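Mapping to our numbering: the sequence shown position 53 is 57, numbers consecutive.
Worksheet: one structure, shown below.
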Amino acid sequence: MSLTDAVRIVSEVFKKYASEDQQKDTLSPDELKKLLKAECSKKGTDCSSKLSEVMKRLDNNKDGQIDIVEFGTLIGMMAKRM
Ligand SMILES: [Ca+2]
């Protein structure tokens, strides 16, 4: 698998959850919660952090939404723990 393939998968997962409400380019706290709940049950990922803490760490521009660039931080956090 190439990095481009990996980025495509990350982008697809992001869009799958981000498109649940009207703002389809960002994850709301609710959408992030759903994503973490679904994806964190898989092996190798860390879900010990609370949603509010994860949200705070990811939401760089403090608009209460997670965009695709901010989502990259979560991928980095998960990769670090693998
Ligand atoms: Ca944001």
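A virtual CB, placed ideally from N, CA and C, is assigned to each residue, including glycine.
Since the structure is predicted, the reported quantities are computational estimates derived from the model, not experimental observations.
Flag residue 69 as yes when its Cβ comes closer than 7 Å to any non-hydrogen atom of ligand 1, and as no otherwise. Position 65 of the sequence shown, counting from 1, holds the residue named residue 69. Checking the Cβ of residue 69 against ligand 1 gives yes.
I'd like to confirm the pairing. Which residues does DSSP put opposite residue 70 in its beta bridges? Taking the first residue of the sequence shown as 1, we reach residue 70 at position 66. According to DSSP, which records beta bridges pairwise, residue 70 is partnered with 31.
By the DSSP assignment, the alpha helix (DSSP H) with residue 9 in it spans what residues? The sequence position of residue 9 within the sequence shown is 5, counting from 1. Residues 7-22.
Considering only their Cβ atoms, is the gap separating residue 57 from residue 64 smaller than 8 Å? Start at 1 with the first residue of the sequence shown, and residue 64 comes out as number 60. Start at 1 with the first residue of the sequence shown, and residue 57 comes out as number 53. Not a contact, by the Cβ cut-off of 8 Å.
With hydrogens ignored, establish whether the beta-carbon of residue 63 is closer than 7 Å to any heavy atom of ligand 1. Along the sequence shown, one-based indexing puts residue 63 at 59. Under cutoff, so the answer is yes.
Own chain partners of residue 72 with C-beta closer than 6 Å, once the 5 adjacent residues on each side are dropped: The residue given as residue 72 occupies position 68 in the sequence shown. The residues are 18.
Element boundaries [alpha helix (DSSP H), containing residue 56]: In the sequence shown, counting from the first residue as 1, residue 56 sits at position 52. The continuous alpha helix (DSSP H) containing residue 56 extends over residues 55-62.
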